Every structure is written in structure tokens, then in C-alpha cells.
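Asks: Attaching a single structure in C-alpha cells format; questions to follow.
In the numbering used here, the protein residues as written are 45 to 232.
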């Protein structure tokens with residue numbers, strides 16, 4: 045790699061370290077510098093950045109006359125506006141369908157107890173996920189049925205702190221869903 049950017053005598057700084065120095069030797073893509081502490085070190089070109097001298101910066105600013113600078117300052121400029129989108133996290137609701145056919149490929153050979161255990165494990169996993177990722181709401185779709193799963197879910201949710209739960213929107217889910225709201229502290 046040929047280096048046309050650095051020259052012997054240039055002041056440079058190391059990108060990933062607090063080392064500055066003067067270029068002493070350039071060999072292919074390696075540059076040897078003498079640090080401010082009089083150590084000789086070799087770096088690759090992509091590890092260094094050239095430090096501009098104040099005179100170089102002065103040349104940039106002195107290229108315009110005072111009247112040009114003042115006229116630029118007084119001329120109105122269009123400002124770019126940046127729209128900040130509100131976080132989608134507040135709007136996001138995790139919906140979990142607990143119907144057993146959505147959780148396992150086949151219920152063959154499973155008892156009602158086994159099915160209930162699988163569904164409750166899924167509820168626990170989703171609750172932990174929401175708490176860990178600071179999600180504000182969770183909807184558990186359990187269906188109407190005989191109410192066994194719903195009562196087990198309500199019993200489990202009663203053991204959690206900082207949550208509120210209620211029947212989910214009848215319009216959207218019918219009678220077979222429970223909505224959980226997480227009261228999470230913003231300081232955590």
C-alpha cells in the first residue's frame with residue numbers, strides 16, 4: 045500500500061490509544077514514529093491520524109476577507125429539521141397465543157396436565173422476556189374454554205410485583221385474553 049498522506053516530520057496520533065508523535069520513517073504501509081516520550085514505535089497507516097498544525101487551520105480561515113465572512117453570516121440560511129420518531133417500544137404490545145396447537149407441533153400422547161404445564165411455561169417465559177426488555181404491555185390469548193388456563197394465569201400473575209392485569213379488549217380479543225401492564229421503574 046503506497047502512502048501519499050503522511051510525510052516525515054508530520055505530527056500524528058494513534059487512533060486507539062493516547063499516543064502522539066512525529067513521523068520518522070515510512071515503509072510501505074507501516075509508519076515509524078517517535079512519541080512525545082522519545083520512544084520509537086511502528087504502526088500501520090490505518091492506525092494513525094495526522095494532527096493539523098494551527099498554521100494549517102489559519103490558512104483555511106484567512107482565505108476569506110472580513111467582508112465576505114460578514115456577508116455569509118448575515119445571509120439567511122435554511123435550517124434542516126430533523127424529525128425524531130417516538131419510540132415504538134411504548135406502542136408495542138407483545139401478543140402471545142397460548143392455544144396448544146400454536147406452541148407444539150402435536151399434542152399426541154399428552155394429558156391435559158401436560159398441555160397446561162406447557163402453556164404455563166410459555167407464560168412464565170414471556171413474562172420474564174417482557175420484564176427483561178422493559179416492554180410495557182403483554183396480551184396473553186388463552187381462549188374461553190372452561191377457564192382452567194385463565195385461572196392458572198391469574199394465579200401466576202398474582203405472584204408478580206409491579207404488574208396490573210385485566211381482561212384484554214373485548215373488541216379486539218373477545219373474552220379469551222388477559223392484558224398485563226408492567227409498572228417498570230425508569231431508573232433501572
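C-beta: ideal position from N, C-alpha, C; glycine also. The structure presented is a predicted model; accordingly, all values stated were derived computationally and were not measured.
Given a threshold of 16 other Cβ atoms within 10 Å of its Cβ, counted over all protein chains shown, does residue 218 qualify as buried or as exposed?
Replies: Exposed, since its Cβ has fewer than 16 Cβ neighbours within 10 Å.
Asks: Can you give the Cα-Cα distance for residue 71 and residue 61, rounded to whole angstroms?
Replies: Distance between the alpha carbons of residue 71 and residue 61 is about 22 Å.
Asks: Is the beta carbon of residue 223 less than 7 Å from the beta carbon of residue 167?
Replies: Taking 7 Å as the Cβ cut-off, residue 223 and residue 167 do not qualify as a contacting pair.
Asks: Shortest alpha-carbon distance to residue 209 belongs to which of 181, 220, 169 and 153?
Replies: Nearest C-alpha to residue 209: 181.
Asks: Quick check: what's the CA-CA separation for residue 143 versus residue 185?
Replies: Straight-line Cα distance between these residues: approximately 8 Å.
Asks: With 16 other CB atoms within 10 Å as the buried threshold, where does residue 81 fall?
Replies: Exposed is the call here.
Asks: Would you give the residue range spanned by the alpha helix (DSSP H) that residue 147 belongs to?
Replies: Here the alpha helix (DSSP H) through residue 147 covers 144-147.
Asks: Helix, strand or coil, according to DSSP, for residue 233 in the structure here?
Replies: Residue 233 is absent from the model: the chain starts at 45 and stops at 232.
Asks: Around the Cβ of residue 199, are there at least 16 other Cβ atoms within 10 angstroms (buried) or fewer (exposed)?
Replies: By the 10 Å Cβ count, residue 199 comes out exposed.
Asks: Apply the 10 Å Cβ neighbour rule to residue 216 and answer buried if 16 or more other Cβ atoms are within range, or exposed otherwise.
Replies: Classification for residue 216: exposed.
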